[in-house]
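Student:
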Amino acid sequence: MTGRGGGIGRTIAYGLLALPLALAPVRTRLRVPRRLLHEPVSAHGVSAVRCVFHSVLSAGVGIVAWFLIMLTALGLVRGLAYPLVAAGDYETSWGGPTLAGAWLVHAAVGLVIAPVFLGIVTLLGRLQLRSTRTVLGRAGSWWVIPAAVVLTVAGALFFAAWVRQI
1 MTGRGGGIGR TIAYGLLALP LALAPVRTRL RVPRRLLHEP VSAHGVSAVR
51 CVFHSVLSAG VGIVAWFLIM LTALGLVRGL AYPLVAAGDY ETSWGGPTLA
101 GAWLVHAAVG LVIAPVFLGI VTLLGRLQLR STRTVLGRAG SWWVIPAAVV
151 LTVAGALFFA AWVRQI
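Taking this note's numbering, the leading residue of the sequence shown gets 1, the next gets one more, and so forth.
1) Mapping DSSP to helix, strand and coil, what is T98?
2) Taking its Cβ as the centre, do 16 or more other Cβ atoms sit within 10 Å of T28, making it buried, or is it exposed?
3) Can you have a look at Q128 and say buried or exposed, based on whether 16 or more other CB atoms are within 10 angstroms of its CB?
4) Rank I12, S131, C51, S47 by C-alpha distance to the C-alpha of L23 and give the top, closest one.
5) For the alpha helix (DSSP H) containing R35, list its first residue and its last residue.
6) Among A107, P40, I120, I63, whose alpha-carbon lies nearest the alpha-carbon of G137?
7) So, helix, strand or coil for V138, using DSSP?
8) CB A18 to CB A59, shorter than 9 Å?
9) If the criterion is Cβ atoms closer than 9 Å, does the pair L80 and L36 meet it?
10) Report the rounded CA-to-CA distance for M1 versus R130, giving the unit in angstroms.
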């Protein structure tokens, strides 16, 4: 990144914007990083193939980012408000057999997982910026494309594992 940078909050927001930007016109995809992150991204003569390719990469990264934000919120709510959302079976719960122990363990897990997931979403936002530069601007590193594909597949596998454990 060559600009002044947008900070962690703006980079997280850009990671979450990857999904709606997948459907946006190219001019919007180039304008958002400039305005949100103060990062210049330029492109000249973007082909339809590059636009569709960027849409697929952007959608994949955006879906993974939204899934991680949902898990962050879920972990924090369930952890910090454990007595309000628990079914009342503290005997077999993590930290049981008492309510205080179960609450403490669930809150600790939520508070530890939240910054980890937010850090991953921040990295996804930076990856989104690099993929925009690489695919639309033709001025980035080649490794961004396989990295976006691998992270999207890993996110899909993580989602499948999460759904099966519910």
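Glycine included, every Cβ here is placed at the ideal spot set by N, Cα and C.
Tutor: Inspection of the coordinates gives the following:
1) coil
2) exposed
3) The C-beta of Q128 has 16 or more other C-beta atoms within 10 Å across all chains shown, which makes the residue buried.
4) Distance from the Cα of L23 is smallest, within the candidate group I12, S131, C51, S47, for C51.
5) 26-36
6) Minimum Cα distance to G137 is reached at P40.
7) Rather than Val, the amino acid found at residue 138 in this sequence is Arg. Residue state, collapsed to three classes: coil.
8) yes
9) no
10) Per-residue confidence for M1 stands at a pLDDT of 46, beneath the threshold of 50, marking its modelled position as unreliable; the derived number appears in the next sentence. Using only the alpha carbons, I get a separation of about 8 Å.
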